[in-house]
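K.L.:
One structure coming up, written as structure tokens, with questions to follow.
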Amino acid sequence: MAPSSSNGNENPNLKPTPDADGSSVEAVARRIQESLALPKRHRFWETQPVGQFKDLGDDSLPEGPIEPPSPLSAVRPDPYNLPASYEWCTVDVDDAAASAEVYNLLSLNYVEDDDNLFRFNYSQPFLRWALRPPGFFKAWHIGVRVKDSKKLVAFITAVPARIRVRDAVVGMAEVNFLCVHKKLRSKRLAPVLIKEVTRRVHLENTWQAAYTAGVVIPTPVATCQYWHRSLNPKKLIDVGFSRLGDRMTMSRTIRLYKLPESPATPGLRKMELRDVAAVTRLLREYLSRFVVAPNFDENDVEHWLLPREDVVESYLVESPETHEVTDFFSFYSLASSILSNQHHSVLKAAYSFYNLATRTPWVQLMNDALIVAKQKDYDVFNALDLMENEKFLKELKFGPGDGQLHYYLYNYRIKEQLKPSELGLVLL
Amino acid sequence: MGDWQELGQAVFIGLIFSFLLAKLISTVISFREENLKVVREGDISAGSREIESDVKNNAELQLSSLKAESAKNGRSRVGEEGAGASEKQELLKGESFLGDDDDSDWEGIESTELDEAFSAATAFVAATAADRTSAKVSSDVQLQLYGLYKIATEGPCTAPQPSALKITARAKWNAWQKLGAMDPEEAMQKYITIVSELYPSWADGSTTKKKDEDTAASSSSAKGTMGPVFSSFVHEEESENDLKLDAIHVSAREGEADDILKHIENGVSVNLRDSEGRTPLHWAVDRGHVSVVEILLSKNADVNAKDNEGQTPLHYAAVCEREETALLLVKQHADPNSKDHDGNSPLDLGGSQWSFMTLAS
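Right under this line is the structure:
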């Protein structure tokens, strides 16, 4: 990086040959730029109660809320202003028409990979599951419409969650599905959406939030890495999700990722409603070992982990002798549109959710998860390196991904960034 | 006569002097404004990847917060700024991000692909300008780009002509002014064309640039905001190691039929083995290049050649589920029952789903 000294003698290339006037202006401009360039500016986030980069390593700042809760009467009662031709709306995802609108907005405008080969395609049943957990607020499902046409052009959501940070259980909002129509990108709508969802979250007396992002903003509490395990390598190669090395054959790659026809662990079966109490008990105990993790009760477990066709799959190991539940794995189902391929239009991905092993070896348990996912025709199994996932990733032939997922807390400070293995929270 | 001349000279010098004085004053006054403009142009290169990174449409707000920030940090290097604006700074700082009351901010202006390409191009130019190692561009082209940039972002030139003494400013002004009432979209298009001619690969750079690099192009991807992230396998670059494939194997792998024929005409064996015992036919079958398979078969490639693991091209076709290729091979008497070193035949490896395979065995 350029030193911040003032030097009028090195000219930027694309400016005309400087005379006295020009060079001094440019020198001043450059000095300002340099003073601002490092560290990178985050004009929006620097105004928000989030951990700031400049505070990193400052031991004098206490862990916990950055700002105290305000009285509810101090929360702005009206929505933030939108330009005249747009209006806020509350989207009821249980309504078929509204749900379809959200699906269409997201499926055409939501997150893509760097090369624009894939775009997330969250299904309508998935969105209903993700947005209607116990105690959800309809007002937290926020849309922006064009006044005239009523077309939905932007969306953001929050759902309530109790998240434990060390010993404190904090009522938080999980913020997700921020999406702005492609034609309105770069119009700085996102900050207004974030402000508005924050306002509505405050109105429900909630003052903290958890969210993720693929980029670094102030300031991640943890940074995780995605790993991928090919289940259908030929398709993944054909569509550009993975690539063959110059000396690698398709034939050998397919054989490398071949899985047994059926799971190996005796007593492995799908989770049922009657298992909720046992799974909750196991999961609460297991998650207590992580620094940040959800504080699930039985209602949460029933909502988040009871299997739903093509949304979330959960399996457990019930000991054939004692009928005790000892191990558990789950994954959620998130397809992506394949944007330019003649033969394939959908990539079916399983995402590792919550897993725990008390008896079964991790590698065996998660290999069974891969087998189940393969049986259900998933193309790839994805997992972050959080919780204890590193205990099986490499051995089960997961390969590193190009995506990092950064975790953030709003209005809650953590002194030191957590290692992925200290994190027990999966956001959708 | 002589007196009149002297008087005229004195008046003339006096006029020039007062003109220069007036110009000096106006220069001082316009200094601050000009500074900010330059900051703004430069700022595209420093443009953050965060949520609202649309630099060019929000210059005003950006300037406001720049001012507020630099003043706040006590690092104000522009003399005119600093003291006396503290209440205003708070206001700007708090409200500018939202543009709450500024309808014109995005009403009716929809971001098009051209907008985005133009943003990316300006960001690229700014980044290139900041990179002292990159090749220099002639000042004519620089001025041309400048003029187009101004047309695209501000429209026709309405600024007063700068003094001839301010050579740079005058040249810039001329470049802008001579474009007249050019359509902004046309200006964007021309700007992109020039950048593409100067740096044919600039667009590749802006799309392949990843983490920690700032491009205005990133504003077109949703990855810049909160939410999930789409990840796919990291593509590891192959090391240029000793075990390189022969040209004929590469041609077979890539499906280059003409090259295959050339290699064979040049005397390369159609059954040449690579370091793992694979023939060109193995490679062509593996990648599913049917026409290359046909050519190799027509050149009498060994249809039952085994690689170092004992697998024939038909094993590959079965594993890779390439039915059309498998049929071609079977017609040329490939053996569906040939065992590899693990004892598996093409039939065992998935070939049994095709009736022609079972019929042939």
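In the order they appear, the protein sequences are chains A and B. Per the working numbering, the first sequence runs over residues 160 to 587. Per the working numbering, the second sequence runs over residues 33 to 393. C-beta: ideal position from N, C-alpha, C; glycine also.
DSSP has residue 473 (chain A) in a bridge; who is on the other side?
P.N.:
For the purposes of this step, residue 473 (chain A) is taken as residue 314 along the first sequence, with counting starting at 1. Looking at the DSSP assignment, residue 473 (chain A) forms a beta bridge with A:489.
K.L.:
Leaving out the 5 sequence neighbours to the left and right, which residues in its chain are closer than 7 Å to residue 217 (chain B) when beta-carbon positions are compared?
P.N.:
The count along the second sequence starts at 1 and reaches residue 217 (chain B) at position 185. Taken in chain order, the residues that qualify are 146.
K.L.:
Would you list, in chain order, the members of the stretch 340 to 355 of chain B that have their beta-carbon closer than 8 Å to a beta-carbon of chain A?
P.N.:
343, 347, 348, 351, 352, 353
K.L.:
Is the CB-CB distance between residue 328 (chain B) and residue 316 (chain B) below 8 Å?
P.N.:
As a position in the second sequence, residue 328 (chain B) is number 296, starting the count at 1. As a position in the second sequence, residue 316 (chain B) is number 284, starting the count at 1. Their beta carbons are under 8 Å apart, which means residue 328 (chain B) touches residue 316 (chain B) by this criterion.
K.L.:
Could you tell me whether any Cβ in chain A is nearer than 8 Å to the Cβ of residue 323 (chain B)?
P.N.:
The residue given as residue 323 (chain B) occupies position 291 in the second sequence. By this cut-off, residue 323 (chain B) is not an interface position.
K.L.:
Figure out for me which residue from A:581, A:578, A:567, A:413 has the closest Cα to the Cα of residue 211 (chain A).
P.N.:
Position 52 of the first sequence, counted from the start, is the residue given in the question as residue 211 (chain A). Selected option, being the one with the closest Cα: A:567.
K.L.:
Using a threshold of 8 Å, state whether the C-beta atoms of residue 311 (chain B) and residue 289 (chain B) are closer than that.
P.N.:
Working through the second sequence from its first residue, we reach residue 311 (chain B) at position 279. Working through the second sequence from its first residue, we reach residue 289 (chain B) at position 257. No, they are not a contact pair.
K.L.:
Could you check which residue in A:317, A:261, A:228 has the C-alpha nearest to that of residue 355 (chain A)?
P.N.:
Residue mapping note: residue 355 (chain A) aligns to position 196 of the first sequence, counting from 1. Ranking the options by Cα distance to residue 355 (chain A), first place goes to A:317.
K.L.:
Among the residues of its own chain, which have a CB less than 8 Å from the CB of residue 173 (chain B), if the five just before and after it don't count?
P.N.:
Translated into the one-based positions of the second sequence, residue 173 (chain B) becomes position 141. Excluding residues within five positions, the ones whose Cβ falls inside 8 Å are 226, 230.
K.L.:
Compare the beta carbon distance of residue 359 (chain A) and residue 298 (chain A) with 8 Å and say whether it is the shorter of the two.
P.N.:
Working through the first sequence from its first residue, we reach residue 359 (chain A) at position 200. Working through the first sequence from its first residue, we reach residue 298 (chain A) at position 139. Closer than 8 Å, so yes.
K.L.:
Checking the sheet assignment: what are the DSSP bridge partners for residue 365 (chain B)?
P.N.:
Reading the second sequence from its first residue, position 333 is the one you call residue 365 (chain B). According to DSSP, residue 365 (chain B) bridges with nothing at all.
K.L.:
Quick test of your reading: residue 384 (chain A) and residue 493 (chain A), contact by CB under 8 Å. State the CB separation rounded to the nearest angstrom.
P.N.:
As a first step, residue 384 (chain A) must be located in the first sequence, where it is residue number 225. As a first step, residue 493 (chain A) must be located in the first sequence, where it is residue number 334. Actually they do not touch by this definition, with Cβ atoms about 18 Å apart.
K.L.:
Find the residues of chain B that neighbour residue 409 (chain A), judging by a C-beta separation of less than 7 Å, and give them in chain order.
P.N.:
Position 250 of the first sequence, counting from 1, holds the residue named residue 409 (chain A). Near residue 409 (chain A) (Cβ distances below 7 Å), the residues of chain B are 318, 319, 352.
K.L.:
For the stretch 345 to 379 of chain A, which residues have a beta carbon sitting closer than 9 Å to at least one beta carbon of chain B?
P.N.:
Close to chain B, meaning a Cβ-Cβ distance shorter than 9 Å, are the following residues of the stretch 345 to 379 of chain A: 345, 346, 347, 348, 349, 350, 351, 353, 354, 370, 371, 372, 373, 374, 375, 376.
K.L.:
Could you work out which residues of chain B lie near residue 495 (chain A), taking near to mean beta carbons separated by less than 8 Å?
P.N.:
Taking the first sequence and counting its residues from 1, one reaches residue 495 (chain A) at position 336. Contact note: residue 495 (chain A) reaches chain B through 262, using a C-beta cutoff of 8 Å and chain order.
K.L.:
Figure out for me which residue from A:214, A:248, A:426 has the closest Cα to the Cα of residue 524 (chain A).
P.N.:
As a working note, residue 524 (chain A) is residue 365 in the first sequence. Selected option, being the one with the closest Cα: A:426.
K.L.:
Between the C-alpha atoms of residue 581 (chain A) and residue 185 (chain B), what's the straight-line distance to the nearest angstrom?
P.N.:
Here residue 581 (chain A) is taken as the residue at index 422 of the first sequence, counted from 1. Here residue 185 (chain B) is taken as the residue at index 153 of the second sequence, counted from 1. Spanning the two alpha carbons is a distance of roughly 48 Å.
K.L.:
Leaving out the 5 sequence neighbours to the left and right, which residues in its chain are closer than 7 Å to residue 386 (chain B) when beta-carbon positions are compared?
P.N.:
For this step, residue 386 (chain B) is matched to residue 354 along the second sequence. Within the same chain, residue 386 (chain B) has close Cβ partners 355, 358.
K.L.:
Hey, is residue 338 (chain B)'s beta-carbon within less than 8 Å of any beta-carbon in chain A?
P.N.:
Taking the first residue of the second sequence as 1, we reach residue 338 (chain B) at position 306. False, the Cβ-Cβ gap to chain A never drops below 8 Å.
K.L.:
Check residue 296 (chain A) in the structure and name its three-state DSSP category.
P.N.:
For the purposes of this step, residue 296 (chain A) is taken as the residue at position 137 of the first sequence. In this structure, residue 296 (chain A) counts as coil in the three-state DSSP scheme.
K.L.:
Cα separation between residue 288 (chain A) and residue 296 (chain A)?
P.N.:
Counting from one through the first sequence, the residue named residue 288 (chain A) turns up at place 129. Counting from one through the first sequence, the residue named residue 296 (chain A) turns up at place 137. Roughly 13 Å separates the two Cα atoms.
K.L.:
Name, please, each residue of chain A whose Cβ falls closer than 8 Å to the Cβ of residue 266 (chain B).
P.N.:
Counted from its first residue, the second sequence places residue 266 (chain B) at position 234. 558, 559, 560, 561, listed in chain order.
K.L.:
Is the CB-CB distance between residue 509 (chain A) and residue 495 (chain A) below 8 Å?
P.N.:
For the purposes of this step, residue 509 (chain A) is taken as residue 350 along the first sequence, with counting starting at 1. For the purposes of this step, residue 495 (chain A) is taken as residue 336 along the first sequence, with counting starting at 1. Their beta carbons are not under 8 Å apart, which means residue 509 (chain A) does not touch residue 495 (chain A) by this criterion.
K.L.:
Going along chain B in order, which residues have a C-beta closer than 8 Å to the C-beta of residue 414 (chain A)?
P.N.:
Sequence index remark: in the first sequence, residue 414 (chain A) carries index 255 (1-based). Near residue 414 (chain A) (Cβ distances below 8 Å), the residues of chain B are 351.
K.L.:
Would residue 237 (chain A) be called buried (16 or more neighbouring beta carbons within 10 Å of its own) or exposed?
P.N.:
Mapped onto the first sequence, residue 237 (chain A) falls at position 78. Exposed: under 16 other Cβ atoms inside 10 Å.
K.L.:
For a quick check, are the C-beta atoms of residue 456 (chain A) and residue 439 (chain A) less than 8 Å apart?
P.N.:
As a first step, residue 456 (chain A) is located in the first sequence; it is residue number 297 there, counting from the start. As a first step, residue 439 (chain A) is located in the first sequence; it is residue number 280 there, counting from the start. Between residue 456 (chain A) and residue 439 (chain A), the C-beta gap is smaller than 8 Å, which places the two residues in contact.
K.L.:
Could you check where the beta strand (DSSP E) with residue 314 (chain A) kicks off and where it finishes?
P.N.:
If you number the first sequence from 1, residue 314 (chain A) lands on position 155. Here the beta strand (DSSP E) through residue 314 (chain A) covers 311 to 324.
K.L.:
Just checking my contact of residue 304 (chain A) with residue 454 (chain A) at CB under 8 Å: how many whole Å lie between their CB atoms?
P.N.:
Against the first sequence, residue 304 (chain A) aligns to sequence position 145. Against the first sequence, residue 454 (chain A) aligns to sequence position 295. Taking 8 Å as the upper bound for CB-CB distance, residue 304 (chain A) and residue 454 (chain A) are not in contact here, some 36 Å apart.
K.L.:
Give every residue of the same chain whose Cβ lies closer than 7 Å to the Cβ of residue 537 (chain A), excluding the five residues on either side of it in the sequence, and list them in chain order.
P.N.:
Within the first sequence, numbered from 1, the residue matching residue 537 (chain A) stands at position 378. Take residue 537 (chain A), set aside five residues on each side of it, and the residues of its chain with a beta-carbon closer than 7 Å to its own are 390, 507, 508, 509, in chain order.
K.L.:
Alpha carbons only, please: which of A:328, A:381, A:399, A:230 is nearest the one belonging to residue 505 (chain A)?
P.N.:
Against the first sequence, residue 505 (chain A) aligns to sequence position 346. Among A:328, A:381, A:399, A:230, the Cα nearest to that of residue 505 (chain A) is on A:399.
K.L.:
Grab me the residues of residue 35 (chain B)'s own chain with a C-beta within less than 8 Å of its C-beta, minus the 5 sequence neighbours each way, in chain order.
P.N.:
Locating residue 35 (chain B) in the second sequence gives position 3, where the first residue counts as 1. Nothing listed; no residue qualifies.
K.L.:
Does residue 337 (chain B) come out as helix, strand or coil in the three-state DSSP assignment?
P.N.:
Working through the second sequence from its first residue, we reach residue 337 (chain B) at position 305. DSSP places residue 337 (chain B) in coil when its eight states are reduced to three.
K.L.:
Is residue 220 (chain B) close to chain A? Criterion is C-beta to C-beta, closer than 8 Å.
P.N.:
Residue mapping note: residue 220 (chain B) aligns to position 188 of the second sequence, counting from 1. No, residue 220 (chain B) lies away from the interface with chain A (no Cβ there is under 8 Å from its Cβ).
K.L.:
Bridge partners for residue 534 (chain A) per DSSP, in chain order?
P.N.:
Indexing the first sequence from 1 puts residue 534 (chain A) at position 375. In DSSP, residue 534 (chain A) forms no bridge with anything.
K.L.:
What's the call for residue 275 (chain A), buried or exposed, on a 16-neighbour Cβ count within 10 Å?
P.N.:
Along the first sequence, one-based indexing puts residue 275 (chain A) at 116. Looking at its Cβ environment, which holds fewer than 16 other Cβ atoms inside 10 Å, residue 275 (chain A) is exposed.
K.L.:
With a CB to CB cut of under 7 Å and the five nearest residues on each side skipped, what residues in its chain are close to residue 503 (chain A)?
P.N.:
Against the first sequence, residue 503 (chain A) aligns to sequence position 344. Same-chain partners within the cutoff: 394, 397, 398, 497.
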